[in-house]
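Student:
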Amino acid sequence: MVEELIRNGVEYFCIAPGSRSSPLTVAVARHAKAQSMVHFDERGLAFHALGYVMAAKKPAVIICTSGTAVANFLPAVVEASKKKIPLIVLTADRPPELRQTGAVQTIDQVHMFGKYALWHCDMPCPDLSIKPEFVLTTIDQAFYQSVRNRGVVHLNCMYREPLAPTPTATPWGTYLGGITRWQKSKTPYTTYVTNFEGAPIFDPAPIVQRIDAIKNGIIAVGKLSGEAEAAQILGFARRLHWPVFPDVSSGLRLGHSQEGIIHYFDQILSSSKAQAKITVDGIVHFGGRLTSKRFYDFVERKAPTEYITALNHALRADPLHKVSLRLECAPAQFCEQVGPQLKGRPAGALYKSLVKANDMADAAIEKFFIDDERLCEPRLARLVSQMLPKGSGLFLANSLPVREADMYADYKGPAVQVAGNRGASGIDGTIAAAAGFARGLKKPVTLMIGDLATLHDLNSLAILKAIDEPFVAVVINNGGGGIFSFLPIAGFGDVFEKFYGTPHSATFANAAAMFELQYARPQSARDFAKAYAKAIKSKTATIIEVMTGREENVLVHRKLQELLAR
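Per the numbering used here, the sequence shown starts with residue 752, numbered consecutively.
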């Protein structure tokens, strides 16, 4: 199984220690080409693998023993499924004679992940009567399903004792006799060939006609596959002279200063007067969904006649039920086939006004932070975006960090690769996923994360010792769940603080010491800049803890919004 996975191109195996999974663990440990990560927490391990796949752009394998260890994979499986990330799950299980008998560490693992696994196989115990060809073709199908359909596959592997590689009386010597061809080769037993990549799957003429009919259009851009795809979309936008609304995950929000990219579209849409002046009858949306809630509120209110989306999977991505044309194709493929046939047009009033508003917003934010030097959360997002090493990685935790970066990051800073767990958008497994992202990217990575998300994944700080490149975790500690302070429930004082604010008094200096990490706690923007500059060059991962206040952060946001609205 392990040899065939490696022949298919898998390199990275993430293993949680356990007895029942010993056959798989030993196979990985003894394979010269297998790269491995061992972590005691199955939930963190699975998120680590997920982060690796985000950066490496190839499947990873997660392995665990039987019982509740399998259930701990579920949060990451859900995230991988939502993000269309190829993840191969190998879970060890007890043999069939022990199922439903009350045997220790035996639960129903078959279809444990439900619909979140797009393909599943309950692998029987190794036996002479089961041909090795079955094992190899099952692995080949699992790999193909994961890559072709971009998702999670689950192989539940039953094993009888002995589990360690001890000699047995079973005559395995001739077992592989029928697969001599495979033994002599270095390729998979079954090779799958498909022509879905780049194939012309639609007639561009009617699409061109519909886009040409749009008088005032906007291009919305979510998560893309990389720089090449981003460049294709910019070319598409230049031909139409349509403004581009880039999500922070798109690759166009940071390090791109070309005219027409409206980096602060979320802030512009925060002004009701500005919104009233924006007339839009068409939107072309590339890639995943946007972080900005204001964008979707805007779409809901304006109800454009055309809402065209291009995504490289078949599932619905239409939370507002506004999409008029849905194309299953890579955004780059859409631009290549449709873009050259569109009528070029000059910049219109919408384009010019949004470009001007974007420049005004940038200047206003800069002035605000010159006048107010507090190390608040919006300022922190801006500082990080300015100081990131070019080409490095930025991993944004859910709740406030991703929103702060989306709203206030400085687009004039360096271009970086941005990632986050934005599939199901939970706070679990963030440190582990960021560590996996660093392992796959093989470049310095900065994680921006809140205090509750850090507490939620504290075990995964142990993984950071295995990261070879500089890794900086900027922990924003506001003593609770900061995002709830922005919601209507914050006005209900009798229930808010205890049940939503989630107050705590934890700080992370001792956690850093426990896991042998560097630690800093800057008091000012200048102190932060010094601490970050040192940490991003360190060979040991660093926690930079920034103490903020939840109420103060709400006031800072309010002042910024008032300034931008004016």
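Glycine is no exception: its CB is placed at the ideal position from the N, C-alpha and C atoms. For clarity, every value in this text was computed on a predicted model and none was experimentally measured.
Note down, in chain order, each residue of its chain lying with its Cβ closer than 6 Å to the Cβ of residue 1210, except the 5 sequence neighbours on either side.
Tutor: 792 and 795
Student: In three-state DSSP terms, what is residue 1144?
Tutor: strand
Student: Count the other CB atoms within 10 Å of the CB of residue 1283; is the residue buried (16 or more) or exposed (fewer)?
Tutor: buried
Student: In this structure, how does DSSP classify residue 1149 when only helix, strand and coil are distinguished?
Tutor: In the structure shown, residue 1149 sits in coil (DSSP, three-state: anything other than H, G, I, E or B).
Student: Relative to the C-alpha of residue 1312, which candidate in 1129, 1224 and 1289 has its C-alpha closest?
Tutor: 1129
Student: For residue 1077, which of helix, strand or coil comes out of DSSP?
Tutor: strand
Student: Would you call the stretch 1068–1076 and the stretch 993–1003 touching, i.e. three or more CB-CB distances under 8 Å?
Tutor: no
Student: State the DSSP-derived secondary structure class of residue 1057, mapped to helix, strand or coil.
Tutor: strand
Student: What separation, rounded to the nearest whole angstrom, lies between the Cα atoms of residue 1279 and residue 858?
Tutor: 49 Å
Student: I'd like to check one pair, residue 1228 with residue 1247: are the Cβ atoms closer than 9 Å?
Tutor: no
Student: So, at 6 Å on beta carbons, what are the nonlocal neighbours of residue 863 in its own chain, with the 5 sequence-adjacent residues on each side left out?
Tutor: So the list reads 821, once near-sequence residues are dropped.
Student: Could you check how far apart the C-beta atoms of residue 778 and residue 761 are, in whole angstroms? I think they sit under 8 Å.
Tutor: That pair is no contact at about 12 Å.
Student: Is it buried or exposed, residue 1256, if we count other Cβ atoms within 10 angstroms and call 16 or more buried?
Tutor: exposed
Student: Nearest to residue 1290 by CA position, among 1216, 1102, 847 and 1103, is which residue?
Tutor: 1216
Student: Could you name each continuous beta strand (DSSP E) segment of 3 residues or more that falls completely within the stretch 790–825, going from the start of the chain to the end?
Tutor: Runs of beta strand (DSSP E) with 3 or more residues, each lying fully within the stretch 790–825, are found at 811–815, listed in chain order.
Student: Can you check which of these residues, 1156, 1212 and 890, is closest to residue 939 by C-alpha distance?
Tutor: For the residues 1156, 1212 and 890, the minimum Cα distance to residue 939 belongs to 890.
Student: Does residue 951 come out as helix, strand or coil in the three-state DSSP assignment?
Tutor: Its pLDDT being 49, under 50, residue 951 is placed unreliably by the model, and the measurement read from it follows with that caveat. Residue 951: coil per DSSP, three-state reduction.
Student: On the criterion of 16 or more Cβ atoms from any shown chain inside 10 Å, does residue 927 qualify as buried, or is it exposed?
Tutor: exposed
Student: How many Å lie between residue 826 and residue 868 at the Cα?
Tutor: 12 Å
Student: Alpha carbon to alpha carbon, what distance is there between residue 923 and residue 878?
Tutor: 9 Å
Student: Pull up the DSSP beta-bridge partners for residue 787, would you.
Tutor: 764
Student: With a threshold of 8 Å, are at least 3 pairs of Cβ atoms found where one atom belongs to the stretch 1030–1049 and the other to the stretch 1109–1123?
Tutor: No, the stretch 1030–1049 is not in contact with the stretch 1109–1123.
Student: Does the beta-carbon distance from residue 1192 to residue 807 come in below 9 Å?
Tutor: yes
Student: Identify every run of the alpha helix (DSSP H) within the stretch 895–942, keeping only runs that are complete inside it and at least 4 residues long; order them along the chain.
Tutor: Counting whole runs of 4 or more residues, the stretch 895–942 contains the alpha helix (DSSP H) stretches 931–935.
Student: Determine the DSSP secondary structure at residue 1088, reduced to helix, strand or coil.
Tutor: Here residue 1088 carries a helix assignment [DSSP, helix/strand/coil].
Student: Our contact map puts residue 984 next to residue 1082 with C-beta atoms below 8 Å; I'd like the distance itself, whole angstroms only.
Tutor: 6 Å
Student: Considering Cα atoms alone, identify which of 1010, 958 and 775 is closest to residue 1108.
Tutor: 1010
Student: Hey, is the stretch 1161–1169 in contact with the stretch 1134–1142, meaning 3+ C-beta pairs nearer than 8 Å?
Tutor: Short answer: they touch.
Student: Confirm, please, whether the CB-CB distance from residue 814 to residue 766 is below 9 Å.
Tutor: Contact: yes.
Student: Closer than 7 Å by C-beta to residue 1025: which residues in its own chain qualify, once you throw out the five before and the five after it? Chain order, please.
Tutor: 1019 and 1108
Student: Would you identify the three-state DSSP class for residue 874, choosing helix, strand or coil?
Tutor: strand
Student: Identify every run of the alpha helix (DSSP H) within the stretch 991–1030, keeping only runs that are complete inside it and at least 4 residues long; order them along the chain.
Tutor: 1016–1020 and 1023–1028
Student: Between which residues of its own chain and residue 1163 is the CB-CB distance below 7 Å, once the five residues before and five after are set aside?
Tutor: Here the set comprises 1008.
Student: Pick helix, strand or coil for residue 1299, following the three-state DSSP scheme.
Tutor: coil
Student: Note the first and the last residue of the continuous alpha helix (DSSP H) segment covering residue 839.
Tutor: Premise fails: residue 839 lies in the beta strand (DSSP E), 838–844, not in any alpha helix (DSSP H).
Student: Compare the C-alpha of residue 1224 against each of 824, 1186, 1252 and 914 and name the closest.
Tutor: 1186
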